[in-house]
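**Q** 0 is the number of the first residue of the sequence shown in numbering that gives the first Met the number 0; add one for each residue after it.
Where a beta carbon is used, it is the ideal one built from N, C-alpha and C, also for glycine.
Computed from a prediction, not measured in an experiment: that's the story for all the values here.
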Amino acid sequence: MHRAREGDDYTLDKTDHRDCVLIGKLITRLDCYLPERADAQWARLRHLGARRARLVTEATACGQQVADLLSCAWPAALECAAKPLESTTWLACLSAITARCNGNLAKIRKLGREQFVAAVRGELPSWDAKKISHRVLGKVWDGLADTRGVPTQRRGALERVHLVMVDWRSARARLRDVQGRMVEVLDQLGLTDLVSSVDGLSAVGAAAILAETGDLARFASARSVVKHAGLNPAENTSATMRGQTRVSRRGRPQLRAAAWRAVWGALPHNPVLAARFAHLTKRDTDRLSAGAARAACAAALLRWLYAVVTKRQLWDPRVASVQAPASSTGEELPVAA
Numbered sequence: 000m001h002r003a004r005e006g007d008d009y010t011l012d013k014t015d016h017r018d019c020v021l022i023g024k025l026i027t028r029l030d031c032y033l034p035e036r037a038d039a040q041w042a043r044l045r046h047l048g049a050r051r052a053r054l055v056t057e058a059t060a061c062g063q064q065v066a067d068l069l070s071c072a073w074p075a076a077l078e079c080a081a082k083p084l085e086s087t088t089w090l091a092c093l094s095a096i097t098a099r100c101n102g103n104l105a106k107i108r109k110l111g112r113e114q115f116v117a118a119v120r121g122e123l124p125s126w127d128a129k130k131i132s133h134r135v136l137g138k139v140w141d142g143l144a145d146t147r148g149v150p151t152q153r154r155g156a157l158e159r160v161h162l163v164m165v166d167w168r169s170a171r172a173r174l175r176d177v178q179g180r181m182v183e184v185l186d187q188l189g190l191t192d193l194v195s196s197v198d199g200l201s202a203v204g205a206a207a208i209l210a211e212t213g214d215l216a217r218f219a220s221a222r223s224v225v226k227h228a229g230l231n232p233a234e235n236t237s238a239t240m241r242g243q244t245r246v247s248r249r250g251r252p253q254l255r256a257a258a259w260r261a262v263w264g265a266l267p268h269n270p271v272l273a274a275r276f277a278h279l280t281k282r283d284t285d286r287l288s289a290g291a292a293r294a295a296c297a298a299a300l301l302r303w304l305y306a307v308v309t310k311r312q313l314w315d316p317r318v319a320s321v322q323a324p325a326s327s328t329g330e331e332l333p334v335a336a
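#1: Cα separation between Ala3 and Ala261?
#2: In its own chain, which residues sit with a C-beta less than 7 Å from the C-beta of Glu158, not counting the 5 before and 5 after it?
#3: Please work out which residues of its chain come closer than 6 Å, Cβ to Cβ, to Leu54, disregarding the five sequence neighbours upstream and downstream, and give them in chain order.
#4: Under the rule that 16 or more other beta-carbon atoms within 10 Å means buried, what is Thr212, buried or exposed?
#5: Lys129: buried (16+ other C-beta within 10 angstroms of its C-beta) or exposed?
#6: Tell me the rounded alpha-carbon separation between Trp73 and Trp140.
#7: Taking 6 Å as the limit between beta carbons, can you name the residues of its chain near Lys138, skipping five residues before and five after?
#8: Quick one: using the 10 Å Cβ neighbour count with 16 as the cut-off for buried, is Thr97 buried or exposed?
#9: So does the segment 198-210 actually touch the segment 261-271, counting three or more Cβ pairs closer than 8 Å?
#10: Quick check: Ala118 and Ala144, are their CB atoms within less than 7 Å of each other?
#11: Grab me the residues of Gly148's own chain with a C-beta within less than 7 Å of its C-beta, minus the 5 sequence neighbours each way, in chain order.
#12: Smallest Cα separation from Thr165: which of Gln312, Arg293, Ala233, Val65?
#13: Less than 8 Å between C-beta atoms, sequence neighbours within five positions excluded: which residues of the same chain meet that for Ser125?
#14: Express the C-alpha separation of Asp18 and Leu332 in angstroms, rounding to a whole number.
#15: Between Ala228 and the rest of its own chain, which residues show a CB-CB distance below 7 Å, the 5 nearest in sequence each way excluded?
#16: So, at 6 Å on beta carbons, what are the nonlocal neighbours of Pro83 in its own chain, with the 5 sequence-adjacent residues on each side left out?
#17: Could you pull out every residue in the same chain whose Cβ sits closer than 6 Å to the Cβ of Val194, ignoring the five residues on either side in sequence?
#18: How long is the line joining the alpha carbons of Val318 and Arg134, rounded to whole angstroms?
#19: Are the CB atoms of Val184 and Arg43 within a distance shorter than 7 Å?
#20: Return the first residue and the last residue of the alpha helix (DSSP H) that Lys109 is part of.
#21: Exposed or buried, Ser320, counting other C-beta atoms within 10 Å across all chains shown (16 or more means buried)?
#22: Taking 6 Å as the limit between beta carbons, can you name the residues of its chain near Asp214, skipping five residues before and five after?
#23: Suppose you measure from the CA of Ala49 to the CA of Thr56; what does that come to, to the nearest Å?
#24: Counting only runs that start and end within the segment 177-253, where is the alpha helix (DSSP H) found for 4 or more residues in a row?
#25: Leaving out the 5 sequence neighbours to the left and right, which residues in its chain are closer than 7 Å to Leu69 when beta-carbon positions are compared?
#26: Which two residues bound the contiguous alpha helix (DSSP H) that contains Val65?
#27: With distances taken Cα to Cα, identify the nearest neighbour of Arg36 among Ala216, Gln178, Lys226, Pro267.
#28: Considering just the uninterrupted stretch of the alpha helix (DSSP H) at Thr97, what are its terminal residues?
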């Protein structure tokens, strides 16, 4: 509608009647989506996917808030692990400390190291962990004596960190529940084994994508799915001028985000996708940045899912490694993120 309004010069005098005229013109030219008539299972998956997207945002926000608070009140804690927010031992240590210190880190040291280790072990199950990394725990224990940070902010900030950690654990628990429900829907649709056959793609990652696409059989081709996500190349050329080609971003943002996140998890475990990424970032002509290459890999992942789901065949790396030309000249179009 936005593009159609510009084309008909309706940018300044918007009315419902003129919008109806534009909609009618788009429909007669078939520049529209057919209505999605989802059955009960696909509709349920769509709703669960929307809830999962919200919980992922909530959990991510909790982690960022913890990092921000610690950088002010106790920066030494963030130096105890290479990626502290992803270390279950670090999270268990922080939970044990903030629940017991009442803003006074010296109080934890008075308990003794043995009691501290026991307290951390008790926090591990709430972070889905069983073993302690004694290297991380040792650094956290030594960091209790670090006085860096804003002293007047420490007590209130650590109390707030404790409350955020409670919210974070709650969000993670609700996220596990909704992800289990999404995989249950895939089982009912008979798609779990099919989508999991793609190396590096989990059933949850595939469910998040399918929650946004709906039944892939309703699309005419894999290219339509890529356009639905807004990951298709949009050229910027005129006569002899060739501008930078970018992804269109005119599809479903949540579908684009789900495919993007799935690529990050799949790249280390999928040789075909890794080879494609290496080719796009190291070729001699039209070399892409890392972000642009991941966008191209996300589009490839959507095409693979379309083939697997619609043909009801397991993913074959030999077939997937054959790259179809993306343009009439047989050259792959560059895609910028």
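**A** Reading it off the structure:
#1: Here the question's residue 3 lines up with position 4 in the sequence shown. Here the question's residue 261 lines up with position 262 in the sequence shown. Cα-Cα distance, rounded: 33 Å.
#2: Translated into the one-based positions of the sequence shown, residue 158 becomes position 159. Only Gly102 meet the Cβ criterion.
#3: Sequence index remark: in the sequence shown, residue 54 carries index 55 (1-based). Taken in chain order, the residues that qualify are Ala170, Arg173, Leu174.
#4: Here residue 212 refers to the residue found at position 213 when the sequence shown is read from its first residue. So Thr212 ends up on the buried side.
#5: Along the sequence shown, read from residue 1 onward, the residue named residue 129 stands at position 130. Result: exposed.
#6: Residue mapping note: residue 73 aligns to position 74 of the sequence shown, counting from 1. Residue mapping note: residue 140 aligns to position 141 of the sequence shown, counting from 1. If you take the alpha carbons of Trp73 and Trp140, they lie about 13 Å apart.
#7: Locating residue 138 in the sequence shown gives position 139, counting from the first residue. Contacts found: Cys79.
#8: As a first step, residue 97 must be located in the sequence shown, where it is residue number 98. The residue is buried, with at least 16 neighbouring Cβ atoms inside 10 Å.
#9: yes
#10: Locating residue 118 in the sequence shown gives position 119, counting from the first residue. Locating residue 144 in the sequence shown gives position 145, counting from the first residue. Not closer than 7 Å, so no.
#11: Taking the sequence shown and counting its residues from 1, the one referred to as residue 148 is at position 149. Here the set comprises Cys71, Ala72, Trp73, Pro74.
#12: Position 166 of the sequence shown holds residue 165. According to the sequence shown, residue 165 is Val rather than Thr. Comparing Cα-Cα distances from Val165 to each of Gln312, Arg293, Ala233, Val65, the minimum goes to Val65.
#13: The residue given as residue 125 occupies position 126 in the sequence shown. Cβ neighbours of Ser125 beyond the five flanking positions: Ala91, Ser94, Arg168.
#14: Along the sequence shown, one-based indexing puts residue 332 at 333. Along the sequence shown, one-based indexing puts residue 18 at 19. Bear in mind that the predicted position of Leu332 carries a pLDDT of just 39, short of 50, making it too unreliable to give a figure here.
#15: The count along the sequence shown starts at 1 and reaches residue 228 at position 229. Hits under 7 Å: Gly250, Arg251, Leu254, Arg255, Ala258, Leu301.
#16: By 1-based counting over the sequence shown, the position of residue 83 is 84. Excluding positions up to five away in sequence, the list reads Leu77, Trp89.
#17: Along the sequence shown, one-based indexing puts residue 194 at 195. Ala205.
#18: Within the sequence shown, residue 318 is the residue found at index 319, counting from 1. Within the sequence shown, residue 134 is the residue found at index 135, counting from 1. The straight-line gap from Cα to Cα measures roughly 44 Å.
#19: Taking the sequence shown and counting its residues from 1, the one referred to as residue 43 is at position 44. Taking the sequence shown and counting its residues from 1, the one referred to as residue 184 is at position 185. Yes.
#20: The sequence position of residue 109 within the sequence shown is 110, counting from 1. Looking at the DSSP string, the run of the alpha helix (DSSP H) that includes Lys109 is 104-110.
#21: Mapped onto the sequence shown, residue 320 falls at position 321. Classification of Ser320: exposed, given that the 10 Å Cβ count is below 16.
#22: Translated into the one-based positions of the sequence shown, residue 214 becomes position 215. Cβ neighbours of Asp214 beyond the five flanking positions: Trp41.
#23: The residue you call residue 49 lines up with position 50 of the sequence shown. The residue you call residue 56 lines up with position 57 of the sequence shown. Taking the straight line joining both Cα atoms gives about 11 Å.
#24: 191-195, 202-212, 221-228
#25: Along the sequence shown, read from residue 1 onward, the residue named residue 69 stands at position 70. Closer than 7 Å at Cβ, skipping near neighbours: Ala76, Leu77, Val160.
#26: Stepping through the sequence shown from its first residue, residue 65 is reached at position 66. 39-72 is the extent of the alpha helix (DSSP H) around Val65.
#27: Taking the first residue of the sequence shown as 1, we reach residue 36 at position 37. Arg36 has its Cα closest to that of Ala216, out of Ala216, Gln178, Lys226, Pro267.
#28: Stepping through the sequence shown from its first residue, residue 97 is reached at position 98. First-last of the alpha helix (DSSP H) with Thr97: 87-99.
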